[in-house]
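Engineer: Residue numbers (the working numbering): 7 to 217. Don't be surprised by glycine CBs; every beta carbon is placed ideally from N, CA and C.
1) Counting only runs of 4+ residues fully inside the stretch 167-208, write out the alpha helix (DSSP H) ranges in chain order.
2) Report the option in 191, 60 and 138 whose CA atom is closest to the CA atom of residue 175.
3) Residue 50 to residue 94, Cα distance in whole Å?
4) Which class does residue 121 belong to by DSSP, given the choice of helix, strand or coil?
5) On the DSSP letters alone, give me the boundaries of the beta strand (DSSP E) that residue 110 sits inside.
6) Taking three-plus beta-carbon pairs below 8 Å as touching, is the stretch 118-134 in contact with the stretch 70-82?
7) So if DSSP puts residue 156 in a beta bridge, which residue, or which two residues, is it bridged to?
8) Is it true that the CB of residue 124 sits closer than 9 Å to the CB of residue 86?
9) From residue 207 to residue 73, what distance separates their C-alpha atoms?
10) Can you tell me which of 110, 187 and 213 puts its alpha carbon nearest to the alpha carbon of residue 148?
11) Count the other C-beta atoms from every protein chain shown that fall within 10 angstroms of the C-beta of residue 169, then say buried if there are 16 or more, exposed otherwise.
12) Leaving aside the five residues before and after residue 47 along the sequence, list all residues of the same chain whose C-beta is less than 6 Å from its C-beta, in chain order.
13) Exposed or buried, what is residue 211 when buried is set at 16 or more other beta-carbons lying within 10 Å of its beta-carbon?
14) Please give the ranges of any beta strand (DSSP E) in the stretch 45-109, keeping only runs that are unbroken, at least 3 residues long and fully inside the region.
15) What three-state label does DSSP hand residue 114 in the structure shown?
16) Whole angstroms is fine: what's the gap from residue 166's alpha carbon to residue 172's?
17) Take residue 44 as the anchor and find which of 113, 19, 68 and 56 has the nearest alpha-carbon.
18) Using only the alpha-carbon positions, how far apart do residue 142 and residue 101 sit?
19) Between residue 158 and residue 40, which are expected to be in contact by the criterion C-beta below 8 Å, what is the C-beta distance as a whole number of angstroms?
20) Nearest to residue 105 by alpha carbon, out of 67, 202 and 115?
21) What are the partner residues of residue 17, as DSSP defines its beta bridges?
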């Protein structure tokens, strides 16, 4: 399908792991390093085979676990090194604690510190406005502050994660501000349609053409 349409595959994520579903991925889970790196290797191999631009390395529900930060950093060092051989980017995404209790990576400041600590050019943040609005709000200021380390932006209605023209975030205004900031990457719409995908796409006509 990618060859037929000529569209790039922007990214995919590491698998969530197979020990306990609630662990919600492995890379920040102490004691699961081998499983995490196998998942990273798999995701990078798939990305290399399909021409995928980025791999999202999910963290895991280990916020209260001692050593989670150190394990996550070392696994990200491994991921960025392996991905660099294929020209692939690595993304990390803060995810809100309402939808994923105990998720290790849950705010943009934490993600930015980790990116700075690792210091590789192929590690960036996936700025999901849905998650960040729930956790921290002040979206435009946070986009401005962290723009140099943002590799992808996602939008969805808040609080229901439905179409972007629903809920409390004025996305046409936000996307215009994102243009003004000079963001040159992609914006993805990751949401759950309130009815059907086809019916829900009417929101596109109400957004600026530049969005």
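Structural biologist: This is what the structure gives:
1) 177-187 and 203-206
2) 138
3) 8 Å
4) helix
5) Per DSSP, residue 110 belongs to no beta strand (DSSP E) and is neither H nor E.
6) yes
7) 131
8) yes
9) 43 Å
10) 187
11) buried
12) none
13) exposed
14) 60-62 and 95-98
15) helix
16) 8 Å
17) 19
18) 11 Å
19) About 28 Å; that fails the 8 Å criterion.
20) 67
21) 60
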